[in-house]
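Residue numbers (our numbering): 1 to 472. The block underneath contains the structure these notes are about, expressed in structure tokens.
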Amino acid sequence: MIRALRALTSRRFHQYLLFLLIPGLSLKRWLAVGAIGLALITIGVIFALKISTGPTLISFLETVSLRNQSPYLRGGVFIGSGVVGAFIAAFGLARSLGQIGNRTRHWPMLDSLYVERVLGSGPRITVIGGGSGLPNLLRGLKHYTSNISAVVTVADDGGSSGRLRSELGILPPGDIRNCLVALADSEDVMQQLMDYRFESEGQLDGHSFGNILIAALAGIGGDFYRGVEIAGELLAIRGRVIPSTLSNVTLVGSTVSGETLIGESRVGNSSDRLRSLTLIPADPTAHPEAVRAIEDADMIVIGPGSLFTSIVPNLLISGISAALAGSPAFKVYVCNVAEEPAQTEGYSVLDHLKVVQHYGGTVVVDAVVANNNLPEGPTPAGLEFIQAKKPWTDDVLLVEADVIDDDHAARHDSTKLSNAIAEAYRKYRGRRRRLPRVRLNLDQNRSGRGRSVLNGDREAQPISVREKRGVS
Numbered sequence: 001m002i003r004a005l006r007a008l009t010s011r012r013f014h015q016y017l018l019f020l021l022i023p024g025l026s027l028k029r030w031l032a033v034g035a036i037g038l039a040l041i042t043i044g045v046i047f048a049l050k051i052s053t054g055p056t057l058i059s060f061l062e063t064v065s066l067r068n069q070s071p072y073l074r075g076g077v078f079i080g081s082g083v084v085g086a087f088i089a090a091f092g093l094a095r096s097l098g099q100i101g102n103r104t105r106h107w108p109m110l111d112s113l114y115v116e117r118v119l120g121s122g123p124r125i126t127v128i129g130g131g132s133g134l135p136n137l138l139r140g141l142k143h144y145t146s147n148i149s150a151v152v153t154v155a156d157d158g159g160s161s162g163r164l165r166s167e168l169g170i171l172p173p174g175d176i177r178n179c180l181v182a183l184a185d186s187e188d189v190m191q192q193l194m195d196y197r198f199e200s201e202g203q204l205d206g207h208s209f210g211n212i213l214i215a216a217l218a219g220i221g222g223d224f225y226r227g228v229e230i231a232g233e234l235l236a237i238r239g240r241v242i243p244s245t246l247s248n249v250t251l252v253g254s255t256v257s258g259e260t261l262i263g264e265s266r267v268g269n270s271s272d273r274l275r276s277l278t279l280i281p282a283d284p285t286a287h288p289e290a291v292r293a294i295e296d297a298d299m300i301v302i303g304p305g306s307l308f309t310s311i312v313p314n315l316l317i318s319g320i321s322a323a324l325a326g327s328p329a330f331k332v333y334v335c336n337v338a339e340e341p342a343q344t345e346g347y348s349v350l351d352h353l354k355v356v357q358h359y360g361g362t363v364v365v366d367a368v369v370a371n372n373n374l375p376e377g378p379t380p381a382g383l384e385f386i387q388a389k390k391p392w393t394d395d396v397l398l399v400e401a402d403v404i405d406d407d408h409a410a411r412h413d414s415t416k417l418s419n420a421i422a423e424a425y426r427k428y429r430g431r432r433r434r435l436p437r438v439r440l441n442l443d444q445n446r447s448g449r450g451r452s453v454l455n456g457d458r459e460a461q462p463i464s465v466r467e468k469r470g471v472s
């Protein structure tokens with residue numbers, strides 16, 4: 001008895017009671033029907049046994065219902081109605097609980113229902129990017145919906161990913177691994193496991209467990225994407241992670257000094273300004289699931305992430321940029337918080353958007369989310385915050401918000417960023433009837449740009465905003 005009272009007064013029990021109030025669980029209606037059924041059965045028993053209740057609701061029902069019939073008949077009608085109600089409630093509850101998927105079947109019941117029913121009916125959001133910025137966003141979005149598709153760049157050629165790519169001939173798993181961990185429900189434990197790096201004198205030295213696991217699952221599944229799907233099932237992720245292409249692509253950059261940089265690691269570490277970016281092969285085939293995720297999305301989020309090594313490589317795939325251009329979904333670009341050394345020094349938020357539009361071709365960006373919390377006082381050495389300088393274009397909605405991590409000023413805070421994206425969508429919906437969907441005229445010398453973008457031809461296109469402004 002004491003144990004039962006403690007359970008009823010426990011914090012966990014109160015949390016469950018509050019949890020039941022969340023719309024969309026499909027539990028409250030059946031619990032209400034069941035409660036009514038039990039009440040009818042109780043009233044029927046009282047009628048049948050002629051139990052005296054005094055001036056109560058039951059005595060009132062006894063007066064107004066089946067007055068000329070015997071108590072047994074009245075009791076039987078109420079009991080029968082209650083049994084039917086209880087049966088309907090039990091059937092409805094069983095049906096709701098039966099919809100719990102395999103990946104959440106071993107979770108606490110209400111947690112499973114929340115993921116399957118509430119988050120499962122959330123908006124379809126497709127995010128495009130790579131690097132460390134994309135997983136940070138996914139950690140926040142997974143609390144809004146489980147219908148998330150992360151389209152991830154596969155141009156990485158450094159570290160453990162680069163070694164596995166050259167030795168096993170698979171796509172680089174590093175960025176994929178980070179996104180899988182970010183979407184996992186047991187993120188802390190899984191991150192420790194998947195990010196564990198071997199330290200040895202042998203060939204395993206420097207490899208992360210997660211990269212090796214994905215490589216092994218790719219061998220078991222027969223191809224890289226199937227291996228990623230299996231890894232997602234093992235981690236019980238909320239959503240899915242899709243490589244932007246299954247082609248073995250190499251990022252190639254051309255600098256303003258004429259140097260050619262082959263490989264994402266060289267492009268990212270270059271101290272020279274970039275003039276153009278291309279892929280080898282020139283026009284890789286977009287992954288069909290990535291294209292489908294873009295076409296089916298309610299919202300598409302581009303970024304955050306390294307502009308030239310995480311975002312642009314996805315836009316260089318003509319199938320991805322064409323799907324983006326044709327999608328009616330709300331498209332938002334998330335600008336980085338801080339400049340990247342050499343690559344985006346001196347760039348404003350609008351300069352970042354120009355690069356995205358330049359390589360996205362006919363892609364229409366509806367909104368941009370940018371940070372407006374510029375910490376006072378000295379900043380860490382080499383850290384320069386990106387600002388949304390005025391004037392701003394009227395064609396694209398600008399949403400400025402405090403989105404930085406309080407502990408790491410150069411990073412986004414997952415929760416703040418997700419809230420800012422949701423706010424951008426709300427503001428866009430409020431003004432979309434007044435806002436024409438036109439593409440920014442970012443360059444007066446862009447004849448044929450839309451056609452060449454869709455054909456994958458992006459050679460000799462300057463991308464240095466500073467160069468065009470005369471900044472050296």
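Ideal Cβ placement from N, Cα and C applies to all residues, glycine included.
Simplified DSSP assignment, three categories, for residue i
| i | result |
| --- | --- |
| K390 | coil |
| V154 | coil |
| K354 | helix |
| L171 | coil |
| N373 | coil |
| S160 | helix |
| K552 | Any question about residue 552 goes unanswered here, given that the chain covers just 1 to 472. |
| S208 | strand |
| R177 | helix |
| E423 | helix |
| T126 | strand |
| E345 | coil |
| A218 | helix |
| F385 | strand |
| A184 | strand |
| N314 | helix |
| A286 | strand |
| A35 | helix |
Beta-carbon separation (whole angstroms), residue i vs residue j, contact threshold 8 Å
| i | j | result |
| --- | --- | --- |
| G82 | L38 | 7 Å |
| R251 | E264 | The question names Arg, yet the displayed sequence has Leu at residue 251. With a Cβ gap of about 4 Å, L251 and E264 count as contacting. |
| E345 | A370 | Their Cβ separation, rounded to whole angstroms, is 17 Å, which puts E345 and A370 out of contact at 8 Å. |
| I317 | A342 | With a Cβ gap of about 25 Å, I317 and A342 do not count as contacting. |
| D175 | T153 | 6 Å |
| G34 | G75 | With a Cβ gap of about 20 Å, G34 and G75 do not count as contacting. |
| D272 | E289 | At roughly 36 Å, the Cβ-Cβ gap does not stay under 8 Å, so D272 and E289 are not in contact. |
| G206 | S160 | 6 Å |
One or two residues paired with residue i in a DSSP bridge
| i | result |
| --- | --- |
| V241 | A150 |
| G253 | L261, L277 |
| F497 | Absent from the model: residue 497. The displayed extent of the chain is 1 to 472, so no value can be given. |
| V365 | The partner list for V365 (beta bridge, DSSP) is empty, contrary to what the question assumes. |
| V83 | Answer by DSSP bridge pairing: none, since V83 is not bridged. |
| I404 | H412 |
| L398 | V368 |
| R197 | S208 |
Residue i classed as buried or exposed, judged by whether at least 16 other C-beta atoms fall within 10 angstroms
| i | result |
| --- | --- |
| F308 | buried |
| H412 | buried |
| P391 | exposed |
| R429 | exposed |
| I303 | The question names Ile, yet the displayed sequence has Gly at residue 303. With 16 or more Cβ atoms within 10 Å of its Cβ, G303 is classed as buried. |
| T245 | buried |
| R375 | First, the amino acid is wrong: residue 375 is Pro here, not Arg. Label assigned to P375: exposed. |
| Y425 | buried |
| V403 | buried |
| P135 | buried |
Proximity below 8 Å, CB of residue i to CB of residue j
| i | j | result |
| --- | --- | --- |
| V84 | A150 | no |
| H352 | C335 | yes |
| G239 | K142 | yes |
| G360 | L324 | yes |
| D298 | A322 | no |
| V349 | A388 | yes |
| G129 | I421 | no |
| L383 | A367 | no |
| A236 | D185 | yes |
| A338 | I386 | yes |
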